[in-house]
Every structure is written in C-alpha cells, then in structure tokens.
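Residue numbers (my numbering): 515 to 930. For every residue, glycine included, the Cβ atom is placed at its ideal position computed from N, Cα and C. Note that this is a predicted model, so its numbers are computed, not measured. Take a look at the structure below.
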Amino acid sequence: MTPTIRVKLSTMMFLEFFIWGAWFVTMGTYLIHNLHATGEQNGTAYATQAFGAIIAPFVIGLIADKYFSAQKILAVLHLVGAGLLYYESTAPDFATFFPGILAYMIIYMPTLALVNSVSFKQMTDPSKDFPLVRVFGTAGWMVAGFVIGWLNWEQTGSLALTFKMAAGASLILGLLSFTLPDTPPGKKGQKTSIGDIMGLDSIGLLKKRSYLVFFLASVAICIPLAFYYNFTNPFLNEVGMKRAAAVQGLGQFSELFFMAAMPFFFVRLGVKKMLALGMLAWALRYVCFAYGDAGANYWMLIAGIVLHGICYDFFFVTGQIYTDRFAGERFKSAAQGFITLATYGLGMMIGYYMSGPIVDHWKTSETTHNWTTIWLIPGGIAVVVMIFFLLFFTDKKHTEEQPGLDIEEPSPKVEI
C-alpha cells in the first residue's frame, strides 16, 4: 500500500465517522430542545439506526458485491446523504424531520461496510494495516464532538448546524470516494441467497447452549446500550455539564486504550470473564449517571463516560472474537453477519423503542426528568443479563481446542 493510498484511506475513515459523530451524539438534545420532541419520538428517531443496520446487508449483498465497485457506491451514497443531512437542518418539526433521518440512516449504514471493503482490498496484511487506518475513524468521531463543544452549539441552541457540518463532510467524502482505489464487486455473476445475506447459515450454532446464551445476552445487552445513545447528551446538558459533546469524546479515548489492552486481559481472563466484566461495566456506568451531577459528583459523570471502553470493547469486541473462533472457518462470516443483525438490528431497536416512553414517564417538568430512576432501569437490565450469562454460559475452552461445529447442512436457499 503506497503512502498516497494510505492517506486517502485514512482520510476516508476520518470523514466516515466524523459525519456520524457530528450529529448522532447530540440529535437527542436537538430534537428535545429545537423540535420539542417527546422522549418516545427521540427513541423512534434513533431507531432508524437499527432499521439501517437491518437493511444494510441487503444493499451490500445485492448491489455492492455483485454489480458496482464499492468506491462508486460509497461516493453516490454520501453525495445523496449530504443532501438529506442539509434538509434535516431545515426541518421545522419532528414530523418533517423523521422521514429524512430514516432515509439517511438507510443510506448511511451500508457505507460502514463499504469503507472496510475499500480498505481491505488495498492491504496485504489487514491485521497489521487496518487498525492504523481505522483509528482515524475514532479520531473523526472525537473531533466532531470537540468542534461542537468548542463552538458551544449545545448551549446556544445552534445544533441545527451539526447537520450542516455533517452535510459538508459528506459532500467532501462523496467527491473523495471517486478518487479511491478501484474495489470491484467480489461476487459478480454469483447467485446470492437470503440466507447468505442474513447469515442464516450459522443458525445451527444456536444448538450449542454456550453460544445460545451468548447470543441471547448479546441481544439483551443492546437494550441498555440504546439508552446511552438516546439520552446521554440530553441528560448531560440538562444537569449542567458544559460542552457535553466534547466531554463525551473521553469515551472514545477510553475505547482506544482498552482496545490496545485487550490482548493482555484476554489471555488472563478468558472469554466468560471478559464478557461478564463488559456487562458489569454497563451497570456501573448507569449507577454513575444516576447519582452523578455537575457539582460534587461530577466525577461520577466522567467515570460513566470513561467506562465506555470497557462496556464496548470487553463485550462487543470480545464477542466478535468469540464468534469467530466458535464458528470456525465454515461459518465465521455468516455468524458475524447474523450476530450483527441481531444486536445492532433487533436488540438496539427494542432498546430505542423502550427507552423513549420510560424517559417520558419520568419527566418532572417541561425541561427536567427524574434521571436517577431513568438510569437505574437500564442499569438493572444490565445486571439481570449479567446474572443470566454467568449462570448459564459455560466456556469449556471449545474455541481453543476444537473451533468449528458439526452442523447439519443448511436448508435449500432462495437465490436472488
């Protein structure tokens, strides 16, 4: 990979996540304060991410993998996305805003896979090269938050500008994508089945109790995760944290640190303890939020944000590694697709739709909420999921001693 290509890929990854971080973190605050949305409407808006995650595999499987080069699809999606994001900045109410954000997330979510495809195609050793490119994505998300905080858009009611900023970045990435190295369709002329797209060939893994328990816990833990995405920024602004979007960037710093430290912990703790610690971190995070404030307990708010690294890396990244080893060569790709669809699709959708009515129920005035009770609910869910996981998950070093399973052949596929 030449230095020029590395710079292009790094810039692509930076812009990809800058675009998302520019509006996603603060959308809840924008909807509540600018468009006067309810908590339920806020949850519905964030649920568009889950819809996008469910539809994305079909976009990739039916179009990108078969007919067009990945960089060209990436370019078109981001150019269209730029127009939608700018339109969102002008929406006068939630009824006008929602269709646009739904359309945008259906367009944006497939680009997460496309930027990976473009990157991997240029790498001779992805395990070595990809992290050095992907880290620019995390940097992009953090920079977006710092810009919002630095410009004080949250306190001045100017969050509509976040969508315009994201639209500008999306326009730049759309144009840049036309100059990226060619990434032709990998399955041109091949037939694709619904089972291939959804990862259903791996469903036989659920016959093994350990993987079934892991699968159910993964879906369930996404419910409290949705509370975090939905309402952390509105909560932090309501309790008086200054430049909340920028402070939330500490979560990404934490993610980077624990990602680097994962090999150390993985060898010493193993899969079960790593996953359990990830779930415990979710519970502790919400306890910190429940009892934190902008005064003497400000440190609890910071601790809740910094716990993001353990919450995400110890559970989701460990889960991806566990799935890869458990499934073996034959089913690893299908298993990763299936677990992603179940968590970021089904699990997150349940959480998004559950969180909104709960926040509305504990509203104490037009501008305040009983956040202590609100945060203890997802914290309690995380504890229940952790207890379920600890009681029923048994890791007998299957992934180390005999990766892969003897699973019956899948049923006939519906080819498309």
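In this structure, Tyr618 is the residue among Tyr618, Phe767, Phe611 and Glu554 with its C-alpha nearest to the C-alpha of Ala681. When DSSP assignments are scanned along the segment 849-920, the uninterrupted stretches of alpha helix (DSSP H) that are 4 or more residues long and fall wholly within it turn out to be 862-875, 885-906 and 912-915. In the structure shown, Val753 falls within a coil segment according to DSSP collapsed to helix, strand and coil. Assignment of alpha helix (DSSP H) within the segment 805-837, counting only whole runs of 4 or more residues, yields 812-820 in chain order. Per DSSP, the continuous alpha helix (DSSP H) segment holding Pro517 begins and ends at Pro517 to Phe538. The alpha-carbon separation between Pro645 and Thr652 amounts to approximately 11 angstroms.
Taking a C-beta distance under 8 angstroms as the contact criterion, Phe902 and Phe728 do not qualify as a contact pair. In the structure shown, the three-state DSSP call for Ala561 is coil. Excluding sequence positions up to five before and after Leu815, its CB lies within less than 6 angstroms of the CB of Gly806, all in the same chain and listed in chain order. About 5 angstroms separates the CB atoms of Gln636 and Ile519; that is less than 8 angstroms, so the two are in contact. Per DSSP, reduced to three states, the secondary structure at Asn666 is coil, with no helix or strand assignment.
With a cutoff of 8 angstroms on beta-carbon distance, Gly597 and Val873 are scored as not near each other.
With a cut-off of 8 angstroms on Cβ pairs, the segment 732-742 is in contact with the segment 856-874, counting three or more such pairs. Thr543: member of the alpha helix (DSSP H) spanning Met541 to His547, first to last residue. Here His883 is buried. Its C-beta has 16 or more other C-beta atoms within 10 Å. In the three-state reduction of the DSSP assignment, Gly659 falls in the helix class, which pools H, G and I. Under the 10 Å beta carbon count, Trp885 is surrounded by 16 or more other beta carbons and is classified as buried.
Here Leu599 is not near Phe532, since their CB atoms are 8 angstroms or more apart. Pairing Gln766 with Trp655 gives a Cβ-Cβ distance under 8 angstroms. Annotated as proximal: Thr697 and Val632, with beta-carbon spacing under 8 angstroms. Pro624: member of the alpha helix (DSSP H) spanning Phe608 to Lys635, first to last residue. The alpha carbon of Leu720 has as its nearest neighbour, out of Ser691, Phe830 and Phe840, the alpha carbon of Phe840. Residue state for Asp643 is assigned as helix, using DSSP reduced to three classes.
Secondary structure of Ser603 (DSSP, three-state): coil.
In the same chain as Leu798, and ignoring 5 residues on each side of it, the C-beta atoms closer than 7 angstroms to its own belong to Leu821, in chain order. In its chain, beyond the 5 residues on either side, Gly535, Val539, Ala759, Ala760, Gln762 and Gly763 have a beta carbon closer than 7 angstroms to the beta carbon of Gly659.
The shortest CA-to-CA distance from Tyr867 to any of Leu687, Ile569, Trp537 and Phe745 is the one to Phe745.
Annotation: Ser583 is outside any alpha helix (DSSP H) and is labelled neither H nor E by DSSP. Take the alpha-carbon of Met900 and the one of Val521: they are about 42 angstroms apart. Residue environment analysis places Arg648 among the buried positions, since at least 16 neighbouring C-beta atoms fall within 10 angstroms of its C-beta. Going by DSSP, Leu687 is part of the alpha helix (DSSP H) stretching over Ala674 to Ser691.
About 33 angstroms separates the CB atoms of Pro517 and Gly851; that is not less than 8 angstroms, and the two are not in contact. Excluding five sequence positions before and after Met793, the CB atoms of its chain that fall closer than 7 angstroms to its own CB belong to Ile735, Phe829, Ala896, Val899, Met900 and Phe903, given in chain order.
In terms of CA proximity to Ala775, Thr832 leads the group Thr832, Gly595, Thr604 and Asp607.
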